[in-house]
Amino acid sequence: MTGTPQNILSIQSWVSYGHVGNAAAVFPLQRLGFEVWAIHTVQFSNHTGYGAWTGAVFPPEAVADLIDGIEARGVLPECGAVLSGYMGSEGTVAAVVDAVRRVRVANPDALYACDPVMGDVGRGVFVRPELPDLIAAQAIPEADIVTPNQFELELLTGRTVDTLEHALDAARALRERMRAGGPRVVLLTSLVRSGAPEGSIETLAVTDAGAWLCRTPLLPLDPPRNGTGDAIAALFLGHYLKSGQAAQALSLSMSALFGLLSYTHSAGTREIQLVAAQDEFVKPARVFEAQQVG
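Residue 133 in our numbering is what sits at position 142 of the sequence shown, and the numbering runs on without skipping anything.
Right, dumping it as structure tokens:
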């Protein structure tokens, strides 16, 4: 990337200690060469997986107010993408969608990447019960890129995802509900399915041009580390903006994530090691190729 960095508006949660939400997304994007305009939906001391935390959930009006301030600088035409993660409330979903629309008025080429943070296998739905339907009804139809995990894809489509064919069918069904005229990329993360090699984990990208699968070794991280979904959404968006190629973005982002988790596993820490692994975001030590599957 040369010249003036591209700008990304990232609307997600924030933690002071550790790395989830914007605290997992901003630095990898900066390391890839992007300017990131971060708006926080919450500010907590640490992620909620510890069972105790301090801090506050910001009202939707605070998100809208910050968008007003950025817009007043006259810089929205320079925003190349919006990335959203954990939203937290009905009003925040609406505020994020409004932000996307305002950016698109200023720059019709801007992309919206929606990480539909709602739940996970084993934990179930961990957001307020009305949020999955609101995200499905309001955010997905505006999205150009959606990055659900396996549980979230099942929740959004009402389909069981336990084979590669089922994953492809569910991803294609979700694509039909995304913004017409956009690239309509579905990135299915943390895919565990029948027929996959033992000791592996996969991510699937489905686009108009086809579908690609990237497989990496499954590292023995127990409990699973928080923030990995936020990091992969940011890394995939960054690499997709740079190349415009879903297969290349899938390969590089998954390779970077594997490098990040390898550092985390070696360190034996509860928090993902973003700073220690930062060179992996730019040039992964081990590259896992994406294989076309559809």
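We treat Cβ as the ideally placed atom computed from N, Cα and C, and that holds for glycine.
Point to revise | Integer Cβ distance of A130 from V87, believed to fall under 8 Å | key: The residue you call residue 130 lines up with position 139 of the sequence shown. The residue you call residue 87 lines up with position 96 of the sequence shown. That belief holds up - the Cβ atoms of A130 and V87 are roughly 7 Å apart, short of 8 Å.
Check your understanding: Taking one C-beta from the stretch 219 to 235 and one from the stretch 94 to 114 each time, how about it: are there three or more such pairs within less than 8 Å?
Key -> yes
Review point. Does the separation of the CB atoms of L74 and A225 fall below 8 Å?
Key: Sequence index remark: in the sequence shown, residue 74 carries index 83 (1-based). Sequence index remark: in the sequence shown, residue 225 carries index 234 (1-based). In contact: L74 and A225 (Cβ atoms closer than 8 Å).
**Study point:** Cβ-Cβ distance between G250 and A268 below 8 Å
**Key:** Here residue 250 corresponds to residue number 259 of the sequence shown, with the count starting at 1. Here residue 268 corresponds to residue number 277 of the sequence shown, with the count starting at 1. Result yes, Cβ atoms of G250 and A268 sit closer than 8 Å.
**Study point:** Completely contained alpha helix (DSSP H) runs for the stretch 194 to 257, where each covers 4 or more residues
**Key:** 219 to 234
Check your understanding: With a CB to CB cut of under 8 Å and the five nearest residues on each side skipped, what residues in its chain are close to D213?
Key -> Numbered from its first residue, the sequence shown carries residue 213 at position 222. Same-chain partners within the cutoff: there are none.
Check your understanding: Roughly how many angstroms lie between the CA atoms of R175 and G220, to the nearest whole one?
Key -> For the purposes of this step, residue 175 is taken as the residue at position 184 of the sequence shown. For the purposes of this step, residue 220 is taken as the residue at position 229 of the sequence shown. Looking at the two C-alpha atoms, the distance is approximately 19 Å.
Practice item. Report the three-state DSSP secondary structure of G110 (helix, strand or coil). Key: Here the question's residue 110 lines up with position 119 in the sequence shown. Strand, per DSSP.
Review point. At which residues does the alpha helix (DSSP H) containing G71 begin and terminate?
Key: As a position in the sequence shown, residue 71 is number 80, starting the count at 1. Where G71 is concerned, there is no enclosing alpha helix (DSSP H), although the beta strand (DSSP E) it sits in stretches over C70 to S75.
Review point. Roughly how many whole angstroms lie between the Cα atoms of Q3 and I136?
Key: Locating residue 3 in the sequence shown gives position 12, counting from the first residue. Locating residue 136 in the sequence shown gives position 145, counting from the first residue. Using only the alpha carbons, I get a separation of about 16 Å.
Exercise for review: Report the rounded CA-to-CA distance for G76 versus S1, giving the unit in angstroms.
Suggested key: Residue 76 sits at position 85 when you count from the first residue of the sequence shown. Residue 1 sits at position 10 when you count from the first residue of the sequence shown. Using only the alpha carbons, I get a separation of about 8 Å.
Check your understanding: By Cβ distance, which residues of its chain are closer than 6 Å to A281, with the 5 residues on each side in sequence left out?
Key -> For the purposes of this step, residue 281 is taken as the residue at position 290 of the sequence shown. Closer than 6 Å at the Cβ level, and outside the excluded window around A281, lie W203, C205, A238, L241 and S242.
Review point. Should S185 be labelled buried (16 or more other beta-carbon atoms within 10 Å of its own) or exposed?
Key: Counting from one through the sequence shown, the residue named residue 185 turns up at place 194. S185 is exposed by the Cβ-count criterion.
Point to revise | Three or more C-beta pairs below 8 Å linking the stretch 81 to 98 and the stretch 51 to 67 | key: yes
**Study point:** E156: first and last residue of the uninterrupted alpha helix (DSSP H) it sits in
**Key:** What you label residue 156 is simply residue 165 of the sequence shown in a count that begins at 1. Where E156 is concerned, the enclosing alpha helix (DSSP H) stretches over L155 to R166.
Review point. When you compare only the Cα positions, how much space is there between G235 and V17?
Key: Locating residue 235 in the sequence shown gives position 244, where the first residue counts as 1. Locating residue 17 in the sequence shown gives position 26, where the first residue counts as 1. Cα-Cα distance, rounded: 20 Å.
Check your understanding: Under three-state DSSP, which class holds Q(-3)?
Key -> Here residue -3 refers to the residue found at position 6 of the sequence shown. If DSSP states are grouped into helix, strand and coil, Q(-3) belongs with coil.
Review point. Does the beta-carbon of M(-8) have 16 or more other beta-carbons within 10 angstroms, so that it is buried, or is it exposed?
Key: Against the sequence shown, residue -8 aligns to sequence position 1. In this prediction, M(-8) has a pLDDT of 42, which is less than 50 and means its spatial position is unreliable; nothing more can be read from the coordinates.
Exercise for review: Keeping to the same chain, check which residues put their C-beta closer than 6 Å to that of H38; ignore five residues upstream and five downstream.
Suggested key: Taking the sequence shown and counting its residues from 1, one reaches residue 38 at position 47. Hits under 6 Å: V6, G9, V11 and N217.
**Study point:** Ranges of the alpha helix (DSSP H) found wholly within the stretch 20 to 86, counting only runs of at least 4
**Key:** 51 to 63
Check your understanding: Between D111, G201, A187 and G285, which lies nearest to Q141 when the distance is taken from Cα to Cα?
Key -> The residue given as residue 141 occupies position 150 in the sequence shown. Residue D111 is the option with its Cα nearest to Q141.
Practice item. Taking T151 as part of the alpha helix (DSSP H), name the residues at either end of that continuous run. Key: On the sequence shown, position 160 is the one that residue 151 refers to. Note, T151: premise wrong, no alpha helix (DSSP H); not H, not E.
Review point. Which same chain residues, not among the five before or five after Q283, have their C-beta less than 6 Å away from its C-beta?
Key: Taking the first residue of the sequence shown as position 1, residue 283 is located at position 292. Closer than 6 Å at Cβ, skipping near neighbours: G201 and W203.
Practice item. Could you say which of T138, T45, V27 and R22 lies nearest to V33 if we only look at CA atoms? Key: In the sequence shown, residue 33 corresponds to position 42, counting from 1. The shortest C-alpha separation from V33 is found at T45.
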